[in-house]
Each structure stands twice: as C-alpha cells, then as structure tokens.
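Worksheet: the structure to be examined is printed underneath.
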Amino acid sequence: MQYQKFGLCATKQTFENAMRRHFATPAFNAYNMETLTAIVSAARLTHSPVIIAISESALKYMGDDMLMGIIDGLKIKPDEQIALHLDHGSSIESCMHAINIGFSSVMLDFSKRDIDENITATANIVRYAHARDASVEAELGILSGIEDETTFSNESAYTDPNVAKQFVDATGVDSLAVAIGTSHGAYKRKSADEKLRFDILDDIQNKIPTTPLVLHGASSIPENLVAEINKYGGKMQNTMGIDIEQLEFAATKTNICKINIDSDLRLGFTAAVRKTLATEPGIFNPREYLAPARDAVCDMCIFLIRTIFHSNNKI
67 MQYQKFGLCA TKQTFENAMR RHFATPAFNA YNMETLTAIV SAARLTHSPV
117 IIAISESALK YMGDDMLMGI IDGLKIKPDE QIALHLDHGS SIESCMHAIN
167 IGFSSVMLDF SKRDIDENIT ATANIVRYAH ARDASVEAEL GILSGIEDET
217 TFSNESAYTD PNVAKQFVDA TGVDSLAVAI GTSHGAYKRK SADEKLRFDI
267 LDDIQNKIPT TPLVLHGASS IPENLVAEIN KYGGKMQNTM GIDIEQLEFA
317 ATKTNICKIN IDSDLRLGFT AAVRKTLATE PGIFNPREYL APARDAVCDM
367 CIFLIRTIFH SNNKI
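Adding 66 to a residue's 1-based position in the sequence shown gives its number in this note's numbering.
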C-alpha cells in the first residue's frame, strides 16, 4: 500500500477507462526533476491521465530517496490519475523493489527469455504486486534499437497472437506490451514505407479482447527537433520515427491503452538546451538553460496528448 501515500494510482482503472472511451494513456519517460515536473504539468494542463515511466538506469541516476522526494513534492492527488511505472524491469527483485518504495506499476521485461521462464517470473511478480494493489505489465516479442543501458536489442520479433493468449491466461498480467513494428531509439525505420503490423495487432486483440495492450518504442522523432539539434552543434543523421497517423490510429481504434514515448522528450529537451547555450553564450546559470528544456518537454507532452493519445479531458 506504499504508492497511495504519494497520491498515485495503479493503471488498471486508467486502462479500463481508455478501453471504454477509445484513447491511450501516455507513458512518458522521466530522468530528472525537470522532466518529472514537465510531465505532471502537461497532465494537469490537459486533464489527462498519465504514466510517469522510470527506467532502472534513471532510478539509479536519481536514487530512490530523491525520486520519491520529488514525487512527494509534486503533491499528486488520486483523482489526477497519475501512475509511477518501472519501465523494462530486468528482474523480479527490481520490480519488487520499485513497488516497495512507492511505484504503483511495474513492467517485468523477460521478452528475450524462454517463454516458460517469462510466464513463471511474470506470474510471480503479478502475485506480489496484486497483493499490494499494484499493476504489472509484461512483454512478448522483441523490439530492436537502443533506449538506454538496460533496454537494447539488435534483433526484432513480432508477437505471436497464440502465445499472447497462453501468456495472459497463465500469468494474470494486467497489460501486455506487443511487438508490431515499433523500436527503441531515434532510428526506428529505414524508409517512410514501413508500416506497423496492424494485421498482427488485430489477431492479438481477437485472441485476448479484454487485455489492455501496450506499444513501446513509439516516438515520432520530429524532424524539426532533429534539425534544431543539428543546427546548434548536434550530429544526428538518418533519424526516422513512427508515423503520427499510425500512432493515433493505434491509440483510438484498437486495444492499445498505453503508448510509451521517450525519444521525443529527449529530443525536445536537448534541442532547447543546445539552442539556449548557442544563442546566449554568456549563460552559465543552469536554471537559465534547464527551464527552457523543461518547458519544451511539457509542450511536447501536451502536443502528443492532444494529437496521438486523445487522452485530454479523459480523467
């Protein structure tokens, strides 16, 4: 019962609402005070439920006490429907730890493990989490690309719909991340012709029609932000994200109830920092370049909430 004292919610209620009202809950990755406050500000300004996603490496960077101190300081209220989620937990122990310090949702990512091992481990963390009213996400299929030190793969494999049903039935997991063509990082596609495999998604949701589904690696990689970064000294070439119209379709016309966005926020943050330092070279007060970066992340979250997720005013 740890997370309730921070005003956080589990994802079950939000996903039921998303399934019924045809939107997806945004899961935005945070790594410091600026991104945390930006995400919560965007949620409040749009009256959108939101999931704050924290990777294991981000948790290590901030530290348990610092992260939960910031969460406490944000004065989140239960009716705001904000969840704190461990993204790509690599072990049962890391998921248990997150729940114990106040996370309301965890993802156990054993997608690269043998299916039997994935089922056994996921069922174990589901029992632990549900006893504490927390939610659990798992993943089937493999996404290529690099997100951080703990989330990377050179391979990809689509989710098998038949295995998805077996997995959900055996584990009782609250939501399932599926692989239908998204990938981690800023280099998601080789050409604009690459499309998400909605045929596979249709088969999956026909097999498990009441299970909330999740898309990882779904940043759109805005060209204007890449151009801004390169204009002010960056070197990002051949980047390509997921088409916004495809993401909007997934959020509003399918059983995708959660979409993870990380790279778009990183791009907005970095572009703002680079521009500020390049155009105002006399600046050396960190607040003077971190504040624009925080605002850029907030603006990006608001844009995505309104154009892709359609979760604004859905609390």
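Positions of the beta carbon are idealized from the N, C-alpha and C atoms, including for glycine.
Simplified DSSP state of ILE231, which is helix, strand or coil: As a first step, residue 231 must be located in the sequence shown, where it is residue number 165. Looking at the sequence provided, one finds Lys at residue 231 rather than Ile. Three-state result, LYS231: helix.
Proximity below 9 Å, CB of SER286 to CB of LEU262: Here residue 286 corresponds to residue number 220 of the sequence shown, with the count starting at 1. Here residue 262 corresponds to residue number 196 of the sequence shown, with the count starting at 1. Their beta carbons are not under 9 Å apart, which means SER286 does not touch LEU262 by this criterion.
Sequence-distant residues of its chain with Cβ nearer than 6 Å to LEU102 (five each side left out): By 1-based counting over the sequence shown, the position of residue 102 is 36. Excluding sequence neighbours, LEU102 sits near ALA96 and ILE136.
For PHE176 and ARG255, the rounded distance between their alpha carbons: Residue 255 sits at position 189 when you count from the first residue of the sequence shown. Residue 176 sits at position 110 when you count from the first residue of the sequence shown. Reliability fails at ARG255, whose pLDDT of 49 lies under 50, so the model's placement of it is uncertain and no value is given.
Environment of ASP226 [buried if 16+ CB atoms lie within 10 Å]: Sequence index remark: in the sequence shown, residue 226 carries index 160 (1-based). Buried: at least 16 other Cβ atoms inside 10 Å.
7 Å Cβ shell around ILE368 - same chain, five flanking residues per side excluded: Counting from one through the sequence shown, the residue named residue 368 turns up at place 302. Hits under 7 Å: ALA108, LEU111 and THR112.
Buried or exposed by the 16-neighbour rule on C-beta atoms within 10 Å, applied to ILE349: In the sequence shown, the residue the question calls residue 349 occupies position 283. Classification of ILE349: exposed, given that the 10 Å Cβ count is below 16.
Best match in MET85, MET134 and ASP328 for proximity to PRO275 [C-alpha to C-alpha]: Within the sequence shown, the letter at position 209 stands for residue 275. Nearest of MET85, MET134 and ASP328 to PRO275, Cα basis: MET85.
Cα-Cα separation, ASN379 to ARG340: Taking the first residue of the sequence shown as position 1, residue 379 is located at position 313. Taking the first residue of the sequence shown as position 1, residue 340 is located at position 274. Going by the C-alpha atoms only, they are around 33 Å apart.
Straight-line gap, THR318 to THR277 (C-alpha atoms, nearest Å): Position 252 of the sequence shown, counted from the first residue, corresponds to residue 318. Position 211 of the sequence shown, counted from the first residue, corresponds to residue 277. Approximately 15 Å, taken between the alpha carbons.
For ILE327 and PRO352, the rounded distance between their alpha carbons: Start at 1 with the first residue of the sequence shown, and residue 352 comes out as number 286. Start at 1 with the first residue of the sequence shown, and residue 327 comes out as number 261. So the alpha carbons of these two residues sit roughly 26 Å apart.
Minimum C-alpha distance to ILE266 - residue among LEU291, TYR224 and GLN232: Taking the sequence shown and counting its residues from 1, one reaches residue 266 at position 200. Measuring from the Cα of ILE266, the nearest candidate turns out to be TYR224.
First and last residue of the uninterrupted beta strand (DSSP E) at HIS154: Position 88 of the sequence shown, counted from the start, is the residue given in the question as residue 154. 148-155 is the span of the beta strand (DSSP E), which, as asked, contains HIS154.
As assigned by DSSP and simplified to three states, the class of VAL280: Translated into the one-based positions of the sequence shown, residue 280 becomes position 214. It is a strand residue.
Continuous beta strand (DSSP E) assignments of at least 3 residues falling wholly in the stretch 292-369: 322-327
Residue range of the beta strand (DSSP E) that includes LEU111: Sequence index remark: in the sequence shown, residue 111 carries index 45 (1-based). From DSSP, LEU111 is part of no beta strand (DSSP E) but of the alpha helix (DSSP H) over 99-112.
Extent of the continuous beta strand (DSSP E) run through THR77: Along the sequence shown, one-based indexing puts residue 77 at 11. It is not in any beta strand (DSSP E) - THR77 instead sits in the alpha helix (DSSP H) that spans 77-87.
Separation of LEU174 from SER157, as counted between CA atoms: Start at 1 with the first residue of the sequence shown, and residue 157 comes out as number 91. Start at 1 with the first residue of the sequence shown, and residue 174 comes out as number 108. Straight-line Cα distance between these residues: approximately 7 Å.
Cβ neighbours of GLU260 in the same chain (closer than 8 Å, five flanking residues each side left out): Along the sequence shown, one-based indexing puts residue 260 at 194. Answer for GLU260: GLY247, listed in chain order.
Distance between ASP199 and ILE325 (C-alpha atoms, nearest Å): The residue given as residue 325 occupies position 259 in the sequence shown. The residue given as residue 199 occupies position 133 in the sequence shown. Going from the Cα of ILE325 to the Cα of ASP199 covers about 22 Å.
Endpoints, beta strand (DSSP E) assigned at PHE94: Position 28 of the sequence shown, counted from the start, is the residue given in the question as residue 94. From DSSP, the beta strand (DSSP E) with PHE94 extends over 91-95.
Same chain, Cβ closer than 8 Å to ALA183, neighbours up to 5 away in sequence not counted: Here the question's residue 183 lines up with position 117 in the sequence shown. The amino acid at residue 183 is misidentified as Ala; the sequence shows Glu. Closer than 8 Å at Cβ, skipping near neighbours: PHE176.
The stretch 144-156 touching the stretch 113-128, judged by at least three CB pairs closer than 8 Å: yes
Bridge partner(s) assigned by DSSP for LEU242: Here residue 242 refers to the residue found at position 176 of the sequence shown. ALA204 and LEU279, per the DSSP bridge assignment.
Under 9 Å between C-beta atoms of PHE72 and MET134: The count along the sequence shown starts at 1 and reaches residue 72 at position 6. The count along the sequence shown starts at 1 and reaches residue 134 at position 68. Yes, these two residues count as a Cβ contact at 9 Å.
Nearest candidate by alpha-carbon position, reference PHE375, set ALA195, ALA119, ILE322 and SER241: To locate residue 375, count along the sequence shown from 1; it is residue 309. Cα-wise, what sits closest to PHE375 is ILE322.
GLU82 classed as buried or exposed, judged by whether at least 16 other C-beta atoms fall within 10 angstroms: By 1-based counting over the sequence shown, the position of residue 82 is 16. The residue is exposed, with fewer than 16 neighbouring Cβ atoms inside 10 Å.
Own chain partners of THR373 with C-beta closer than 8 Å, once the 5 adjacent residues on each side are dropped: Locating residue 373 in the sequence shown gives position 307, counting from the first residue. These residues qualify, in order along the chain: ILE310 and GLU314.
Pairwise C-alpha distance: ALA187 and ASN166: Mapped onto the sequence shown, residue 166 falls at position 100. Mapped onto the sequence shown, residue 187 falls at position 121. Straight-line Cα distance between these residues: approximately 18 Å.
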